[in-house]
Amino acid sequence: MKSSIYKKILTTAGAITAGLGILAGINAIVFRRATSDHLLEHEPGNLFHWRYGDVFYTVRGTGTPVLLIHGIYPGAGEHMMRTLSENLAACHRVYTLDLPGFGRSDKPMITFTAYFYVQLLNDFIEQVVKSPVDVIADSLSCTFCSLACQMQPNFYRKLLFVNPCNTVEGAPSPGFLSRLSRLLLETHIVGTFIYNLLTSRPILRRQYQNRGIDLTPTMLTEIWESAHCKGSSAKYAYFSYLTHYMDADIIRPLAKIDHDLYVILSGDLLHFKQQKQRLEDINSSIEVELMSPSAGLPWLEAPDEFLSICHFYFS
Numbered sequence: 001m002k003s004s005i006y007k008k009i010l011t012t013a014g015a016i017t018a019g020l021g022i023l024a025g026i027n028a029i030v031f032r033r034a035t036s037d038h039l040l041e042h043e044p045g046n047l048f049h050w051r052y053g054d055v056f057y058t059v060r061g062t063g064t065p066v067l068l069i070h071g072i073y074p075g076a077g078e079h080m081m082r083t084l085s086e087n088l089a090a091c092h093r094v095y096t097l098d099l100p101g102f103g104r105s106d107k108p109m110i111t112f113t114a115y116f117y118v119q120l121l122n123d124f125i126e127q128v129v130k131s132p133v134d135v136i137a138d139s140l141s142c143t144f145c146s147l148a149c150q151m152q153p154n155f156y157r158k159l160l161f162v163n164p165c166n167t168v169e170g171a172p173s174p175g176f177l178s179r180l181s182r183l184l185l186e187t188h189i190v191g192t193f194i195y196n197l198l199t200s201r202p203i204l205r206r207q208y209q210n211r212g213i214d215l216t217p218t219m220l221t222e223i224w225e226s227a228h229c230k231g232s233s234a235k236y237a238y239f240s241y242l243t244h245y246m247d248a249d250i251i252r253p254l255a256k257i258d259h260d261l262y263v264i265l266s267g268d269l270l271h272f273k274q275q276k277q278r279l280e281d282i283n284s285s286i287e288v289e290l291m292s293p294s295a296g297l298p299w300l301e302a303p304d305e306f307l308s309i310c311h312f313y314f315s
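Everything in the sequence shown is counted per full-length UniProt numbering, starting at 1 for the first residue and increasing by one.
#1: Across the region 116-123 and the region 138-149, are there enough close Cβ pairs to call them in contact, namely three or more that are closer than 8 Å?
#2: DSSP three-state label for A302, please.
#3: Are there 16 or more other CB atoms within 10 angstroms of the CB of P44, so buried, or fewer, so exposed?
#4: To the nearest angstrom, how far is the alpha carbon of I286 from that of Y52?
#5: May I ask you to list the residues that DSSP assigns as paired with R60?
#6: Per DSSP, what kind of secondary structure is H49 in: helix, strand or coil?
#7: For L84, which residues of its own chain have a beta-carbon under 6 Å away from its beta-carbon, when the five flanking residues on both sides are left out?
#8: Is it the case that the Cβ atoms of residue 332 and V135 are separated by a distance below 8 Å?
#9: Under a Cβ-count criterion, where at least 16 other Cβ atoms within 10 Å of its own Cβ denotes burial, should P153 be classed as buried or exposed?
#10: To the nearest whole angstrom, what separates the beta carbons of M98 and G77, a pair I think is in contact under 8 Å?
#11: Of the choices A148, R82, S266, A24, whose alpha-carbon is the least far from that of N210?
#12: Given a cut-off of 8 Å, decide if M246 and F31 are closer than it, judged by their beta-carbon atoms.
#13: Drop a sphere of 10 angstroms on the beta-carbon of G231, count the other beta-carbons inside from all chains shown, and report buried for 16 or more, exposed for fewer.
#14: In this structure, what does DSSP give as the bridge partners for P65?
#15: Give the secondary structure of K2 by DSSP, where H, G and I count as helix, E and B as strand, and everything else as coil.
#16: Using only alpha-carbon positions, find the residue among V55, H42, Q274, E86 that is nearest to N166.
#17: Would you please state the rounded distance, in angstroms, between the beta carbons of T35 and C310? I believe it to be under 8 Å.
#18: Cα separation between Y208 and L159?
#19: Would you decide whether T96 is buried or exposed? Buried here means 16 or more other CB atoms lie within 10 Å of its CB.
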């Protein structure tokens, strides 16, 4: 009897070990393939040696400084705003960065929060830009920027936010299930395998299609590579986002901001009217515009129209 139980335990343990070994092998192959084209390395840049790791950024053009901050989604990075950066560089000195946890920046094995990025933005402006800056921020990065501006208002000039999050329903906070999920998702083998499933090429293509973007093969490869740079530690930022650790209240800082603030919203007209009314209730000086039929990334979907808005607003 005891011998039979012992054999079952050994068999189960062996099967689990073999299964984990297979998953680890699959993970290694995925990361090797995703970064094999080295597309992101063709773009030269600089490193900001921050206290929590190196932050990759690019600088283009001359003139008044503009900082571009990408949104929080898989495979995001400065490469998504490269064309906008090149076009704005005709009139401005344009800084575009990979937020820590994304692209070619370091990806520490930590829980990423909004206040982590608030520190990064203010340190970057103080130590790299070294003068007040205009900002274009996307989605959840609008929250980071509004909080950073509240802490250091003299660092910022005009703000242009694209589809800021949580302006109507408020920011969710991580609960028990979020904490439990994060523990599972951050496990070395199983968590990494789940991350690779969520950032596979078909899933990435579908996620961007849902945002209104039909990716070219090169764009998809860049996004896939960006999501897998720096190995398995790439999962920590994305899982912090999925479990709401990056969320923070944007309503309070928006109400207190005394800067010129222009908000571009995408989507259907009904949603736009609700968002517009909510933003005007928060701060009556906020200017709000709908870019239709843009679904989420207007500098890619309607680049000429978006560039015209930027030139007019930052002139």
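For each residue, glycine too, the CB sits at the ideal point set by N, CA and C.
Looking at the atomic coordinates:
#1: yes
#2: coil
#3: exposed
#4: 34 Å
#5: V94
#6: strand
#7: W299
#8: Since the first residue of the chain shown is 1 and the last is 315, residue 332 is not available in this structure.
#9: exposed
#10: Note on identity: in this sequence residue 98 is Asp, with Met being the wrong assignment. Indeed they touch by this definition, with Cβ atoms about 5 Å apart.
#11: S266
#12: no
#13: exposed
#14: R93
#15: The predicted model places K2 with a pLDDT of 49, which falls under 50 and marks its position as unreliable; any figure quoted below should be read in that light. Three-state DSSP puts K2 in a helix.
#16: Q274
#17: The Cβ separation is near 32 Å, so there is no contact.
#18: 25 Å
#19: buried
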